[in-house]
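*Asks:* I have a structure I would like to understand better, so I am pasting it below and will then ask my questions one at a time.
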Amino acid sequence: MSKQEKNSKNDECVKVVVRCRPLNSKEKEDGRTQVVFVNQSRGEISVTNPKGDSAEAPKVFTFDSTFEPEVEQETVYKNTAYPIVESVLEGYNGTIFAYGQTGTGKTHTMEGKDEPKHLRGIIPRTFDHIFRSIKGTPNVQFLVRVSFLELYNEEIRDLLQKNIKKLELREKPGSGVYVKDLSTFMIQDQEELREKLLHGRENRAVGATQMNQDSSRSHSIFGITIERCDIVNGESHIRVGKLNLVDLAGSERQSKTQATGSRLKEAININQSLTTLGNVISSLIDPKATHVPYRDSKLTRLLQDSLGGNTKTVMVANVGPADFTMMNYSTLRYAHRAKSIQNHAKINEDPKDAMIRQFQEEFAKLKQQLASSVDKDGNIVMMEAEVIQVEKVITINDDEKVKLLQQKLEQEKSEVEKKYQNEVKKIEEDKKLQEKEKQQLLQQLMDKEEREQKQREQQEKLLKKLQKMQEKVIQGDEIMQKALEKERELNKAQQELQQRKERDRQIAEQIKRNEDLALEINQKYRSQAEEAQDKTKRIKALVGRLKQIESENRELDDFYGSEIEQLQERRRDLQKELKLKNLILEYFIPEKELERLQLRAMYNEELDEWMYPYLHLAGNLVRNSEERKQQEQEIKFQEDVEEILKLEEEGHPNVFFVYTEEGPVREDDIDPEQRKKKAVAQARKQSAKKRPTSKPGQSATSKRPQSGVKNSNNSSSVTADSDNYPKAKGLQPKK
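Each residue of the sequence shown is one higher than the one before, starting from 15 at the first, in the numbering used here.
Rendered as structure tokens:
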């Protein structure tokens with residue numbers, strides 16, 4: 015029971031808000047009238063049917079919040095995105111996406127304008143909110159990553175890469191759907207986030223239609239991943255939250271946008287993905303539904319967790335006020351349905367693939383390397399040799415012994431001199447040896463200094479790497495903490511006040527209904543005329559209500575009829591495509607080959623399509639790649655010719671004469687045709703140098719055959735390159 019209570023506590027419905035834009039200049043010029051009205055205090059949107067009679071009551075929709083055309087961007091942010099961003103900082107997943115017809119202000123709501131600041135939308139305000147919260151949370155490490163993708167014509171593209179290429183959707187058990195090879199960048203402040211947003215915005219597909227001059231032709235998802243590491247009782251606890259900021263392309267009718275060609279193809283893909291999104295919403299709120307068609311579109315697969323999954327979601331439905339935008343009914347109905355979708359959000363605690371954990375392991379590894387690189391041995395100490403002095407005392411007693419002693423002294427003297435010479439030689443040899451040892455010691459010292467220098471460079475490199483990695487991990491400041499706490503308390507008080515007002519309003523309405531019911535029950539009429547008048551009034555009210563219900567039923571019939579028509583049209587297109595492929599298989603592919611293809615086909619669950627192994631080795635693909643290479647070579651050859659011609663035309667500042675076959679000629683006097691021929695010849699020489707040489711045993715078309723037998727057919731194989739070589743003049747007559 016406690017487990018069920020815990021699960022029900024985490025379950026919450028998708029929050030749906032509606033924003034109505036003001037009439038634009040074109041609508042005012044065309045004399046359009048406003049049919050959509052907002053009651054912001056009651057959270058209601060009322061839509062008047064311009065084709066209905068005056069007695070028909072407007073259709074009223076109730077949502078979590080509604081915003082008038084004059085509402086400030088900050089008010090929209092505080093009521094929609096602020097709670098979601100706070101949850102993401104605590105480790106929840108969050109999604110904010112704008113939904114509506116083209117030209118209703120979705121991109122203005124999500125992105126807005128950079129200047130002035132009060133026009134900034136949800137996404138740039140999110141940047142400031144995230145880093146303001148990080149700076150106000152001391153003793154906690156944060157790591158922020160960002161990615162930006164678009165879904166254009168059912169192809170996923172990375173908006174933060176120069177070379178925009180098609181990416182694939184993959185799915186991992188446990189972690190859900192992800193985009194393979196999608197680039198992510200570490201972010202240190204909100205300015206870097208703005209740079210990434212601007213860079214991606216430049217790469218995003220936009221185009222002009224009759225309904226919007228800068229219409230988004232793709233769905234975009236700006237993803238921010240926030241990892242935080244809290245130290246509790248000496249242990250690190252990691253939480254990861256991911257915020258998806260989604261700007262959907264608008265649904266549109268070809269009759270209104272006047273789209274043709276590529277714009278029509280874009281509109282078909284946009285409407286198809288949005289129709290699938292509507293089907294997913296319908297399936298999620300239908301208790302009888304056994305299947306949710308997430309796989310019918312890449313958009314719904316990307317938003318799978320945001321609709322009925324582990325995410326807190328806010329849907330911002332955008333509508334236009336003019337009387338011709340009757341697709342507002344469709345937008346409001348889908349938004350009203352989405353209110354009933356239940357998500358099961360939970361905190362992502364200690365995930366295995368958290369990057370902040372990898373950073374911490376790398377920190378420890380680098381610190382260990384720095385500690386082990388310190389040399390504990392001191393400098394080399396040179397020991398001096400010990401000198402021993404010997405003193406001899408000689409005593410002489412008589413004269414006879416003097417001569418003997420002198421002789422002995424002479425002898426000893428000669429021996430000493432001899433010994434001295436030997437010692438000198440020895441000392442010189444020792445000196446040479448010491449010089450050698452000295453050189454060796456000096457070399458050892460130099461080697462040691464070199465090793466220490468390398469070690470210092472290694473330490474500096476490790477320190478820089480450590481510092482660079484530590485810069486990516488952001489920590490808060492205690493000074494900002496108090497300001498952040500006050501801001502959160504103020505926002506919490508405002509939300510509580512708003513909730514209290516809403517509860518008071520609901521209670522007052524309930525009391526009013528009960529009082530009216532009590533008056534109706536206890537009402538006593540003074541006369542039959544008064545009773546007839548009152549009952550006539552009630553009958554008129556009931557007739558008005560009946561007309562309103564009939565009008566709603568007709569609108570629902572039209573709405574579902576248009577949906578069925580779109581699905582049938584899509585079905586007809588698929589059947590047409592299927593018949594064409596079956597025709598090709600039946601009449602152009604042999605039966606045995608078809609059986610082989612069926613046996614070799616493999617189903618890829620991640621890509622949700624059938625595939626063939628080694629398809630890249632098929633003849634057509636190889637041939638196409640060779641043709642592309644040949645085209646690239648031709649383009650390169652033409653570029654070389656143009657470059658050489660450009661150099662020839664501009665000339666070299668130090669060249670006055672050019673040497674030709676006729677001798678030296680002024681550079682300015684060369685004929686343009688000769689310049690072109692010379693440029694083509696030079697380009698051919700350059701391309702011939704770049705072209706790979708033929709293997710032994712193989713002859714190129716421009717070469718002679720290897721065999722010594724003369725072949726008459728080889729004469730046709732000589733190409734234009736032979737014109738570049740000098741020809742023999744033969745015997746010349748004497749002059």
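For glycine and all other residues, C-beta sits at the position ideal for the given N, C-alpha and C.
(1) Give me whichever residues DSSP pairs with Gln48 in a beta bridge.
(2) Alpha carbon to alpha carbon, what distance is there between Thr550 and Glu125?
(3) Between Ile144 and Val158, how many whole angstroms is the CB-CB distance? I'm expecting something under 8 Å.
(4) Hey, could you find the ends of the alpha helix (DSSP H) Gly108 is sitting in?
(5) Any contact of the stretch 322–338 with the stretch 24–36, i.e. 3+ C-beta pairs under 8 Å?
(6) Check the C-beta distance from Tyr113 over to Leu262 and give it rounded, since I have them as a contact under 8 Å.
(7) In its own chain, which residues sit with a C-beta less than 7 Å from the C-beta of Gln87, not counting the 5 before and 5 after it?
(8) Start and end of the beta strand (DSSP E) containing His358?
(9) Where Leu163 and Gly117 are concerned, what is the direct C-alpha to C-alpha distance, given to the nearest angstrom?
(10) Select from Arg517, Arg351, Leu611 the residue whose C-alpha is nearest the C-alpha of Cys27.
(11) Looking at the structure shown, is Leu165 part of a helix, part of a strand, or coil, going by DSSP?
(12) If we ignore side chains and look at the alpha-carbon of each, how far apart do Lys515 and Gln508 end up?
(13) What's the C-alpha gap between Arg46 and Pro64?
(14) Measure the beta-carbon distance from Leu498 to Arg146 and round it to whole angstroms, keeping in mind my assumption that it falls under 8 Å.
(15) Return yes when the Cβ of Ala368 is within less than 8 Å of the Cβ of Tyr106, no when it is not.
(16) Compute the distance between the beta-carbons of Thr151 and Val99, then report whether it is under 8 Å.
(17) For a quick check, are the C-beta atoms of Ile148 and Leu259 less than 8 Å apart?
(18) Give the DSSP-derived three-state secondary structure of Val30 in the structure shown.
(19) Where do the ends of the beta strand (DSSP E) carrying Asn618 lie?
(20) Which residues in the same chain as Leu599 place their Cβ atom closer than 7 Å to its Cβ, once the five residues preceding and following it in sequence are excluded?
(21) Which word fits Leu321, buried or exposed, when buried means at least 16 other C-beta atoms lie within 10 angstroms of its C-beta?
(22) Using 10 angstroms around the beta-carbon of Lys194, count the other beta-carbons present and answer buried if the total reaches 16, otherwise exposed.
(23) Kindly indicate which three-state DSSP category Asn258 falls into: helix, strand or coil?
(24) For Asp25, which three-state DSSP category applies?
(25) Using a Cβ-Cβ cut-off of 7 Å (strictly less than) and excluding sequence neighbours within five positions of Leu581, which residues of its own chain qualify?
(26) Rounded to a whole number of angstroms, what is the C-alpha to C-alpha distance between Gln472 and Leu183?
(27) Near Gly119, what residues of its chain come up, given a Cβ to Cβ distance below 6 Å and the 5 sequence neighbours on each side ignored?
(28) I believe Ile240 touches Val90 by the beta-carbon criterion, under 8 Å. Please report the beta-carbon distance rounded to the nearest angstrom.
(29) Over the uninterrupted alpha helix (DSSP H) stretch that includes Glu569, give me the two end residues.
(30) May I have the straight-line CA-CA distance separating Glu206 from Lys452, to the nearest angstrom?
(31) Please determine, among Leu533, Tyr343, Ile441, Gln645, the residue with the shortest C-alpha to C-alpha distance to Asp62.
(32) Can you tell me which of the three DSSP states His122 falls into?
(33) Measure from the alpha carbon of Leu291 to the alpha carbon of each residue in Lys256, Ala336, Tyr348, Gly237, then state which is nearest.
(34) Taking buried to mean at least 16 other C-beta atoms within 10 Å of its own C-beta, is Ala95 buried or exposed?
*Replies:* Walking through what the data contain:
(1) Your numbering for residue 48 matches position 34 in the sequence shown. Paired residues: Ala336.
(2) Position 111 of the sequence shown, counted from the first residue, corresponds to residue 125. Position 536 of the sequence shown, counted from the first residue, corresponds to residue 550. A direct Cα-to-Cα measurement between Glu125 and Thr550 gives close to 53 Å.
(3) On the sequence shown, residue 144 is found 130 positions in, with the first residue counted as 1. On the sequence shown, residue 158 is found 144 positions in, with the first residue counted as 1. So it is a contact: roughly 7 Å between Cβ atoms.
(4) Position 94 of the sequence shown, counted from the start, is the residue given in the question as residue 108. First-last for Gly108: 108–114, but that is the beta strand (DSSP E), not the alpha helix (DSSP H).
(5) The answer is yes - the stretch 24–36 touches the stretch 322–338, with three or more Cβ pairs under 8 Å.
(6) Your numbering for residue 113 matches position 99 in the sequence shown. Your numbering for residue 262 matches position 248 in the sequence shown. Contact between Tyr113 and Leu262 is confirmed by a C-beta separation of about 6 Å, below the 8 Å threshold.
(7) Counted from its first residue, the sequence shown places residue 87 at position 73. In its chain, beyond the 5 residues on either side, Gly126, His132, Leu133, Arg134, Gly135 have a beta carbon closer than 7 Å to the beta carbon of Gln87.
(8) Here residue 358 is taken as the residue at index 344 of the sequence shown, counted from 1. Taken as a continuous stretch (DSSP letters only), the beta strand (DSSP E) holding His358 covers 356–358.
(9) As a first step, residue 163 must be located in the sequence shown, where it is residue number 149. As a first step, residue 117 must be located in the sequence shown, where it is residue number 103. Roughly 21 Å between the two C-alpha positions.
(10) The residue labelled residue 27 in the question sits at position 13 within the sequence shown. Comparing C-alpha distances from Cys27 to each of Arg517, Arg351, Leu611 shows the shortest one belongs to Arg351.
(11) Taking the sequence shown and counting its residues from 1, one reaches residue 165 at position 151. Leu165: strand per DSSP, three-state reduction.
(12) As a first step, residue 515 is located in the sequence shown; it is residue number 501 there, counting from the start. As a first step, residue 508 is located in the sequence shown; it is residue number 494 there, counting from the start. Each residue's Cα considered, the two are about 11 Å apart.
(13) As a position in the sequence shown, residue 46 is number 32, starting the count at 1. As a position in the sequence shown, residue 64 is number 50, starting the count at 1. Each residue's alpha carbon lies about 11 Å from the other.
(14) Walking along the sequence shown from the start, residue 498 turns up at place 484. Walking along the sequence shown from the start, residue 146 turns up at place 132. 7 Å between Cβ atoms; contact.
(15) As a position in the sequence shown, residue 106 is number 92, starting the count at 1. As a position in the sequence shown, residue 368 is number 354, starting the count at 1. The answer is no: Cβ separation not under 8 Å.
(16) Here residue 151 refers to the residue found at position 137 of the sequence shown. Here residue 99 refers to the residue found at position 85 of the sequence shown. No. Outside cutoff.
(17) Counting from one through the sequence shown, the residue named residue 148 turns up at place 134. Counting from one through the sequence shown, the residue named residue 259 turns up at place 245. In this structure, Leu259 does not lie closer than 8 Å to Ile148 by Cβ.
(18) Stepping through the sequence shown from its first residue, residue 30 is reached at position 16. The answer is strand: DSSP assigns Val30 an E or B state.
(19) Taking the sequence shown and counting its residues from 1, the one referred to as residue 618 is at position 604. Unbroken beta strand (DSSP E) run through Asn618: 616–618.
(20) Walking along the sequence shown from the start, residue 599 turns up at place 585. Excluding residues within five positions, the ones whose Cβ falls inside 7 Å are Leu608.
(21) Indexing the sequence shown from 1 puts residue 321 at position 307. Using a 10 angstroms sphere on the CB of Leu321, the tally of other CB atoms reaches 16 or more, which defines it as buried.
(22) On the sequence shown, position 180 is the one that residue 194 refers to. Exposed, since its Cβ has fewer than 16 Cβ neighbours within 10 Å.
(23) Sequence index remark: in the sequence shown, residue 258 carries index 244 (1-based). Three-state result, Asn258: strand.
(24) Position 11 of the sequence shown, counting from 1, holds the residue named residue 25. Here Asp25 sits in strand by DSSP.
(25) Locating residue 581 in the sequence shown gives position 567, where the first residue counts as 1. Excluding sequence neighbours, Leu581 sits near nothing in its chain.
(26) Within the sequence shown, the letter at position 458 stands for residue 472. Within the sequence shown, the letter at position 169 stands for residue 183. Those two C-alpha atoms are separated by around 41 Å.
(27) As a first step, residue 119 is located in the sequence shown; it is residue number 105 there, counting from the start. Closer than 6 Å at Cβ, skipping near neighbours: Arg35, Asn332.
(28) Sequence index remark: in the sequence shown, residue 240 carries index 226 (1-based). Sequence index remark: in the sequence shown, residue 90 carries index 76 (1-based). Not really, about 22 Å apart at Cβ, beyond 8 Å.
(29) Here residue 569 corresponds to residue number 555 of the sequence shown, with the count starting at 1. From DSSP, the alpha helix (DSSP H) with Glu569 extends over 542–602.
(30) As a position in the sequence shown, residue 206 is number 192, starting the count at 1. As a position in the sequence shown, residue 452 is number 438, starting the count at 1. Their Cα atoms are separated by approximately 58 Å.
(31) Residue mapping note: residue 62 aligns to position 48 of the sequence shown, counting from 1. According to the sequence shown, residue 62 is Thr rather than Asp. The residue with the shortest Cα to Cα distance from Thr62 is Tyr343.
(32) Here residue 122 is taken as the residue at index 108 of the sequence shown, counted from 1. Helix.
(33) Here the question's residue 291 lines up with position 277 in the sequence shown. Measuring from the Cα of Leu291, the nearest candidate turns out to be Tyr348.
(34) Taking the first residue of the sequence shown as position 1, residue 95 is located at position 81. Buried, by the Cβ-count rule.
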